[in-house]
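Using the numbering used here, you'd call the opening residue of the sequence shown number 178 and step up by one each time. Using N, Cα and C, we set each Cβ at its ideal position, and we do this for glycine too.
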Amino acid sequence: APSRPPTECLAVPADRLELEWVHGVRSHDIRGQLSYCPDSGDIIFPAGNVVVSMNSHERSQRFLNEHGGEVVSVCVHQSQSLAASGDLCASPTVVVWDYVTLQPLRVLKGHHKRAVFLLAFSHDEDAKFLVSIGSDDAHTAVIFDWRNDCVVARMPTQKSKPLDLLFARPGRGFGAGDCGFILCGDGFVHYWNFNGASANATTQSVRLGVGKHRKPQPFLCLAWLEENNLVIGALDGSLIRLSGRHLDKIVSRAHAGAINSAVSTE
């Protein structure tokens, strides 16, 4: 306590602090969490316990303050003004929100442990499904019918940490019904298929044609191209294109270093 405390009014001052600007983005332990919003033109990224929506032309920032833990994952839908974010805490939370108004639409809690570090919406116009990957030992995947606040599938993936996540697109040749998601990581690209109505899910490996003299390497990112082509970015700078689940083409050393992110402009 102070040695000579003031004798006047000790009430809390009427002034209050408001967050005005965030300098920096969390990037030291998460991947691919910088998102562009096609409707608003804003850039969304996590920083501490908030998600920042920054308009680079107006030099302004807005903030989503719905998380109690540090935000470690963000994704946006390609055709709707929808975003989802996940945090790091004992009981992680996934928040689905409108990135134009920054209003939360659904809070999903109690389905993961430690953290939610990867998120992806389904590609249908209604964005019916949202898949999240947890940071437990099995890296559990949960598929939500988030509008109805229910879980339609839940399954462990693998012990090796996934590095990127995409939802499958209809007609892309990735399984019955083409309803599922794709994960890549250190030496693997795996596809999980579910029927859209039950918790039953099956997994298949993408056929990369890696021979006995070619050691599997970390696959760092995923992106969709036209028709049924999936593109994979690799640690050695190579781009790998698939037709369905089969290897179609490899562009060796497309970059001098690792390919950490890939985006299609189709």
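- Count the other CB atoms, across all protein chains shown, that sit within 10 Å of the CB of aspartate 219; report buried if there are 16 or more and exposed otherwise. As a first step, residue 219 must be located in the sequence shown, where it is residue number 42. Result: buried.
- Item | Simplified DSSP state of arginine 430, which is helix, strand or coil | If you number the sequence shown from 1, residue 430 lands on position 253. Note: arginine 430 maps to coil in three-state DSSP.
- Integer-rounded CB distance, given that valine 227 should sit under 8 Å from leucine 241: Position 64 of the sequence shown holds residue 241. Position 50 of the sequence shown holds residue 227. Yes, leucine 241 and valine 227 are in contact; Cβ-Cβ is about 6 Å, under 8 Å.
- Task: Measuring alpha carbon to alpha carbon, tell me which of Asn437, Asp275, Ser268, Arg331 ends up nearest proline 215.
- Result: Numbered from 1 along the sequence shown, position 38 holds the residue referred to as residue 215. Nearest C-alpha to proline 215: Asp275.
- Is the distance from the Cβ of glycine 245 to the Cβ of aspartate 341 below 8 Å? On the sequence shown, position 68 is the one that residue 245 refers to. On the sequence shown, position 164 is the one that residue 341 refers to. No, the pair does not count as a contact, with Cβ atoms beyond the cut-off.
- Assign cysteine 361 to one of two classes, buried (16 or more other C-beta atoms within 10 Å of its C-beta) or exposed (fewer than that). Taking the first residue of the sequence shown as 1, we reach residue 361 at position 184. Classification of cysteine 361: buried, given that the 10 Å Cβ count is 16 or more.
- Message: If the criterion is Cβ atoms closer than 8 Å, does the pair glutamate 247 and glycine 263 meet it?
- Response: For the purposes of this step, residue 247 is taken as residue 70 along the sequence shown, with counting starting at 1. For the purposes of this step, residue 263 is taken as residue 86 along the sequence shown, with counting starting at 1. No, Cβ-Cβ distance for glutamate 247 and glycine 263 is not below 8 Å.
- Query: Closest by CA to cysteine 327, which one among Gly287, Val366, Ala267, Leu279?
  - Reply: By 1-based counting over the sequence shown, the position of residue 327 is 150. Per the Cα distances, Gly287.
- Mind checking whether glycine 311 and valine 329 have CB atoms under 8 Å apart? Stepping through the sequence shown from its first residue, residue 311 is reached at position 134. Stepping through the sequence shown from its first residue, residue 329 is reached at position 152. Result no, Cβ atoms of glycine 311 and valine 329 do not sit closer than 8 Å.
- Does the distance from the CB of serine 258 to the CB of valine 284 come in under 8 Å? Here residue 258 refers to the residue found at position 81 when the sequence shown is read from its first residue. Here residue 284 refers to the residue found at position 107 when the sequence shown is read from its first residue. No.
- Message: Contact defined as beta carbons within less than 8 Å: I believe phenylalanine 298 pairs with isoleucine 320. What is the distance between those atoms, to the nearest angstrom?
- Response: As a first step, residue 298 is located in the sequence shown; it is residue number 121 there, counting from the start. As a first step, residue 320 is located in the sequence shown; it is residue number 143 there, counting from the start. So it is not a contact: roughly 11 Å between Cβ atoms.
- Item | From Leu295, Ala315, His316, residue whose alpha carbon lies closest to that of valine 308 | Position 131 of the sequence shown, counted from the first residue, corresponds to residue 308. Comparing Cα positions, the closest option is Leu295.
- Item | Range of the contiguous beta strand (DSSP E) that encloses alanine 400 | By one-based count along the sequence shown, residue 400 stands at place 223. Segment 396-401, the beta strand (DSSP E) holding alanine 400.
- Item | Alpha-carbon to alpha-carbon, phenylalanine 365 and lysine 389 | Walking along the sequence shown from the start, residue 389 turns up at place 212. Walking along the sequence shown from the start, residue 365 turns up at place 188. Low per-residue confidence applies at lysine 389: pLDDT is 46, beneath 50, and the placement is therefore not dependable, though the value from the model is reported in the following sentence. Cα-Cα distance, rounded: 15 Å.
- Query: What are the start and end residues of the beta strand (DSSP E) that includes proline 223?
  - Reply: Translated into the one-based positions of the sequence shown, residue 223 becomes position 46. Proline 223 -> beta strand (DSSP E) spans 220-224.
- As assigned by DSSP and simplified to three states, the class of tryptophan 198: As a working mapping, residue 198 is identified with position 21 in the sequence shown. Of the three classes helix, strand and coil, the one that applies to tryptophan 198 here is coil, per DSSP.
- Relative to the alpha-carbon of leucine 279, which residue among Asn325, Ser256, Ser230, Val249 has its alpha-carbon at the smallest distance? Locating residue 279 in the sequence shown gives position 102, where the first residue counts as 1. Of Asn325, Ser256, Ser230, Val249, the residue nearest in Cα terms is Ser230.
- Roughly how many angstroms lie between the CA atoms of phenylalanine 358 and threonine 317, to the nearest whole one? As a working mapping, residue 358 is identified with position 181 in the sequence shown. As a working mapping, residue 317 is identified with position 140 in the sequence shown. In a straight line, the C-alpha of phenylalanine 358 is about 13 Å away from that of threonine 317.
- valine 293 - containing beta strand (DSSP E), residue span: Walking along the sequence shown from the start, residue 293 turns up at place 116. That run of the beta strand (DSSP E) goes 293-298.
- Query: histidine 390 by DSSP, collapsed to three states: which one?
  - Reply: Residue mapping note: residue 390 aligns to position 213 of the sequence shown, counting from 1. Confidence at histidine 390 is low in this model, with a pLDDT of 41, below 50, so the placement of that residue should be treated as unreliable; the coordinate-derived value is given next. Residue state, collapsed to three classes: coil.
- Message: Output needed for arginine 430: all residues of its chain with C-beta closer than 8 Å, excluding positions within five of it in sequence on either side, in chain order.
- Response: Position 253 of the sequence shown holds residue 430. Excluding sequence neighbours, arginine 430 sits near Asp413, Gly414, Ser415.
- Can you say whether glutamate 197 is buried or exposed, counting buried as having 16 or more other CB atoms within 10 angstroms of its CB? Here residue 197 refers to the residue found at position 20 of the sequence shown. Classification for glutamate 197: exposed.
- Item | C-alpha distance - glycine 201 paired with proline 223, whole-angstrom precision | Locating residue 201 in the sequence shown gives position 24, where the first residue counts as 1. Locating residue 223 in the sequence shown gives position 46, where the first residue counts as 1. Approximately 9 Å between the Cα atoms of the pair.
- Message: Going by DSSP in three states, alanine 376 sits in which element: helix, strand or coil?
- Response: As a first step, residue 376 must be located in the sequence shown, where it is residue number 199. Bear in mind that the predicted position of alanine 376 carries a pLDDT of just 48, short of 50, making it unreliable; the figure below should be weighed with that in mind. In this structure, alanine 376 counts as coil in the three-state DSSP scheme.
- Range of the contiguous beta strand (DSSP E) that encloses tyrosine 368: Working through the sequence shown from its first residue, we reach residue 368 at position 191. Tyrosine 368 -> beta strand (DSSP E) spans 365-371.
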